[in-house]
Amino acid sequence: MATQHSRSAARVMMAPAVFLLLVWMLVPLILTLWFSTLDYRPMRGTFDCCEGLGNYTRFVTSSAFLSSVVTTLQLVGGVLLITVIGGILLANLLDQPIWGQGVVRILVIAPFFVMPTVSALVWKNMFMNPVNGLFAHLFKALGLQPIDWLSQAPLFSIILIVSWQWLPFATLILLTAIQSLDSEQMEAAEMDGAGPISRFYHMTLPHLARSITVVVLIQTIFLLSIFAEIYVTTGGAFGTRTLTYLVYQRVIESQNVGLGSAGGIIAVILANIVALVLMRVVGKNLDA
Amino acid sequence: MGRITLDKVRKAFGDVEVIPPLDLRIEDGEFVVFVGPSGCGKSTLLRLIAGLEDVTDGEIRIDGTDATRLSPSKRGLAMVFQSYALYPHMSVRKNIAFPLKMAGLSQDQIDAKVDGAAKVLNLDSYLDRRPGQLSGGQRQRVAIGRAIVREPSAFLFDEPLSNLDAALRVGMRLEISELHKRLATTMIYVTHDQVEAMTMADKIVVLNAGRIEQVGSPLDLYRAPRNVFVAGFIGSPKMNLITGPEAAKHNAQTIGIRPEHLAVTDGSGTWTGKVGVSEHLGSDTFFHVTVEGFETPLTVRAGGEVSLHYGDTIHLTPDPAQLHRFDAQGLRIA
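For the protein sequence lines, the chains are A and B, in the order given. Numbering of the first sequence is given in the numbering used here, commencing with residue 3 and proceeding in unit increments. Numbering of the second sequence is given in the numbering used here, commencing with residue 16 and proceeding in unit increments.
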């Protein structure tokens, strides 16, 4: 956009799209902010103004709040840990020349295309069911007592399900990164006396740093709002109530829109804090 | 020590034989250049010696011991790659220190050696920079630095100058030759540039389609090319190769005469032709001359101040002592 004229023309032509996006984003946000200051309980017919910050203090001081934040962080952290480590290992394996490489790579991506609700149902009924699940059969075959996964290790089970969905994403991004690693660099390291493990540690890992950062940042954004997997499996019971799920319960189960909206705003703020911390910790990998 | 012997070494990728069985002896302290057109297998041969490719058949001995199945790091060789292959996430210091760190040296020893290498290669002021912040020539020096700290029994260079501009290339050529004189270590150098081969080598190995065409000192190859391929490949500009009735006069299939051995004679000469394009280099002038009955134009070297123009008639006389004759198989007739 070189000239004054083309700049202003561009501005005029972009205006409708910008306006639409602003409306799209701002209207729900402002509505939520407004609701969060009301005593709005539709089933009781209350729609009273001027709660002030009452909803916020009530949401934060409730006994469920702190544990839900901790649960959220555990869920996000656990999934990140499994997908990043698993992704690096899988990407390394898939980078090896194997027969049927193309088919294998497509199969690896497949879980990413399965809808969260479906995959949670499949895991719940086909794998983790204490009577008929495949895990139960496996345990019995080994002469062990089957575990009722979703009540004995509920959070871990959900972490497992979500990791299964996100592992392909991490693998795919890390695989493309590994493929861009200069083979002469690896050969140079080999001639310099680096064995496979030190080559991995000194060459592959630093090369992957940027992609790992991208995986962590993108996954965090999506993992903070995990909902379907919890809804389908435990329904928020047994310490699997995340912040997202708590907001859902306040709005739908308690029918308290005001309180839920306050929780929603708090969730947005917390998510931003997490994002800021992450950018500080891993974001420097994105420069240079 | 760095004596490398190749005994009937053969390399095939699947059914494709890239290097037919080949014998070669490289003496300790020699500067050997593998030269040939692209795809002639010279890089593959170097990688076989380095251990980066597996030998299909035959034996590679380094200092008398069989190294055919040894891993690259155990062979005591250091390699400088065409792309330099520096580690982008490490500083220059860490790059050079990497092989020493892998060898498990103490930090004091590493520092001493890195500083020594940096001094030799004028890298002192760049030690804390990343490779991305260096120019091509500096990167090249870092790559060489990483090779020399290991004190290998031989250095392997894989077209190390092909990514540099012309002026830098001349400078680095001198630096590498200088380094060889000072270290007196065996060096094997792969290039497609015959000027590099002529200026740097103690011994040139001319390769074509995986076969060794001739091995010898630069001047041996220049004076007595064993066949038409070597004759055409060594020397710049190329030797004029003439076939047909003119060659038959000398009882040969092909005769060759270098541009510098053709004299421009006044009035009359052995051959008469028309001047085509001329290239003025200041010190020399190269004329492309079309001669009636010759398939390709002749290249002639004349002094810098000769004034002949496009379309002028020119008389040429070859130096009979410098005329090369080749038989129907392309081999030299003594």
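Cβ coordinates follow ideal geometry from the N, Cα and C atoms, glycine included. All values reported here derive from a predicted model rather than from experimental measurement.
Taking CB distances under 8 Å as the criterion, tell me whether residue i reaches chain B.
{"i": "GLN103 of chain A", "result": "no"}
{"i": "GLN187 of chain A", "result": "yes"}
{"i": "SER200 of chain A", "result": "yes"}
{"i": "GLY195 of chain A", "result": "yes"}
{"i": "PRO99 of chain A", "result": "no"}
{"i": "ALA190 of chain A", "result": "yes"}
{"i": "PRO208 of chain A", "result": "yes"}
{"i": "MET295 of chain A", "result": "Because chain A here runs from 3 to 290, residue 295 of chain A falls outside it and cannot be looked at."}
{"i": "ASP184 of chain A", "result": "yes"}
Do residue j and residue i count as a contact pair if the criterion is CB distance below 8 Å?
{"i": "VAL164 of chain A", "j": "LEU225 of chain A", "result": "yes"}
{"i": "MET215 of chain B", "j": "SER192 of chain B", "result": "yes"}
{"i": "PRO167 of chain B", "j": "GLY259 of chain B", "result": "no"}
{"i": "ILE159 of chain B", "j": "VAL47 of chain B", "result": "no"}
{"i": "VAL243 of chain B", "j": "GLY308 of chain B", "result": "no"}
{"i": "ASN223 of chain B", "j": "ARG161 of chain B", "result": "no"}
{"i": "ASN94 of chain A", "j": "ARG212 of chain A", "result": "no"}
{"i": "GLY152 of chain B", "j": "LEU183 of chain B", "result": "yes"}
{"i": "ILE270 of chain B", "j": "ARG340 of chain B", "result": "yes"}
{"i": "GLN229 of chain B", "j": "ARG241 of chain B", "result": "yes"}
{"i": "VAL249 of chain A", "j": "GLY265 of chain A", "result": "yes"}
{"i": "PHE96 of chain B", "j": "MET105 of chain B", "result": "no"}
{"i": "ASN131 of chain A", "j": "ALA138 of chain A", "result": "yes"}
{"i": "TRP168 of chain A", "j": "SER159 of chain A", "result": "no"}
{"i": "ILE254 of chain A", "j": "THR34 of chain A", "result": "no"}
{"i": "GLN187 of chain A", "j": "ALA100 of chain B", "result": "yes"}
{"i": "GLY44 of chain B", "j": "ALA267 of chain B", "result": "no"}
{"i": "LYS23 of chain B", "j": "ASP78 of chain B", "result": "no"}
Our contact map puts residue i next to residue j with C-beta atoms below 8 Å; I'd like the distance itself, whole angstroms only.
{"i": "LEU261 of chain A", "j": "ARG46 of chain A", "result": "Not a contact, Cβ separation roughly 13 Å."}
{"i": "GLY284 of chain B", "j": "THR332 of chain B", "result": "4 Å"}
{"i": "THR206 of chain B", "j": "VAL33 of chain B", "result": "Actually they are not in contact, since the Cβ atoms of THR206 of chain B and VAL33 of chain B sit about 18 Å apart, beyond 8 Å."}
{"i": "SER177 of chain B", "j": "ASP184 of chain A", "result": "No, SER177 of chain B and ASP184 of chain A are not in contact; Cβ-Cβ is about 16 Å, not under 8 Å."}
{"i": "GLY80 of chain A", "j": "ILE175 of chain A", "result": "Between ILE175 of chain A and GLY80 of chain A the Cβ distance is about 19 Å, and since that is not below 8 Å, they are no contact."}
{"i": "ILE329 of chain B", "j": "VAL279 of chain B", "result": "6 Å"}
{"i": "VAL78 of chain A", "j": "THR222 of chain A", "result": "6 Å"}
{"i": "PHE240 of chain A", "j": "SER153 of chain A", "result": "6 Å"}
Looking at the C-beta of residue i, does it have a partner C-beta in chain A at a distance below 8 Å?
{"i": "HIS276 of chain B", "result": "no"}
{"i": "ALA112 of chain B", "result": "no"}
{"i": "PRO175 of chain B", "result": "no"}
{"i": "LEU67 of chain B", "result": "yes"}
{"i": "TYR102 of chain B", "result": "yes"}
{"i": "ALA132 of chain B", "result": "no"}
{"i": "SER140 of chain B", "result": "no"}
{"i": "ALA127 of chain B", "result": "no"}
{"i": "ALA118 of chain B", "result": "yes"}
{"i": "SER98 of chain B", "result": "yes"}
{"i": "SER121 of chain B", "result": "no"}
{"i": "ALA87 of chain B", "result": "It is Pro, not Ala, that sits at residue 87 of chain B in the sequence shown. Yes, PRO87 of chain B counts as interfacial toward chain A."}
Apply the 10 Å Cβ neighbour rule to residue i and answer buried if 16 or more other Cβ atoms are within range, or exposed otherwise.
{"i": "GLY282 of chain B", "result": "exposed"}
{"i": "MET16 of chain A", "result": "exposed"}
{"i": "PHE115 of chain A", "result": "exposed"}
{"i": "PHE248 of chain B", "result": "buried"}
{"i": "PRO335 of chain B", "result": "exposed"}
{"i": "THR73 of chain A", "result": "buried"}
{"i": "TYR247 of chain A", "result": "buried"}
{"i": "ASN274 of chain A", "result": "exposed"}
{"i": "ARG62 of chain B", "result": "buried"}
{"i": "ASN127 of chain A", "result": "exposed"}
{"i": "LYS142 of chain A", "result": "exposed"}
{"i": "PRO198 of chain A", "result": "exposed"}
{"i": "ASP173 of chain B", "result": "buried"}
{"i": "ILE125 of chain B", "result": "buried"}
{"i": "LEU277 of chain B", "result": "buried"}
{"i": "CYS55 of chain B", "result": "buried"}
{"i": "GLY195 of chain A", "result": "buried"}
{"i": "LEU39 of chain B", "result": "buried"}
{"i": "SER88 of chain B", "result": "buried"}
{"i": "GLY186 of chain B", "result": "exposed"}
{"i": "VAL232 of chain B", "result": "Residue identity differs from the one stated: residue 232 of chain B is Ser in this sequence, not Val. Its Cβ having fewer than 16 others within 10 Å, SER232 of chain B is exposed."}
Could you check whether the Cβ of residue i sits closer than 7 Å to any heavy atom belonging to the ligand ATP?
{"i": "ALA82 of chain B", "result": "Ligands displayed in this structure: none; no statement on the ligand ATP is therefore possible."}
Can you give, in chain order, each stretch of the alpha helix (DSSP H) that sits fully within the region 250-328 of chain B and has at least 4 residues? 260-263
What are the uninterrupted segments assigned as alpha helix (DSSP H) that are 4 or more residues long and contained completely in the region 58-144 of chain A, given in chain order? 65-97, 103-111, 118-124, 136-143
Which runs of the alpha helix (DSSP H) spanning at least 4 residues fall entirely within the region 194-258 of chain B, listed in chain order? 209-215, 233-238, 243-248
In chain order, what are the residue ranges of uninterrupted alpha helix (DSSP H) at least 4 long that sit wholly in the region 150-181 of chain A? 151-154, 156-181
Which runs of the alpha helix (DSSP H), 4 residues or longer, sit entirely within the region 35-100 of chain B? 57-65
Report the residue ranges of all alpha helix (DSSP H) runs contained in full by the region 193-250 of chain A; include only those spanning at least 4 residues, in chain order. 198-201, 207-225, 230-235, 245-250
I'd like the ranges of any beta strand (DSSP E) spanning at least 3 consecutive residues and lying wholly in the region 140-200 of chain B. 169-173
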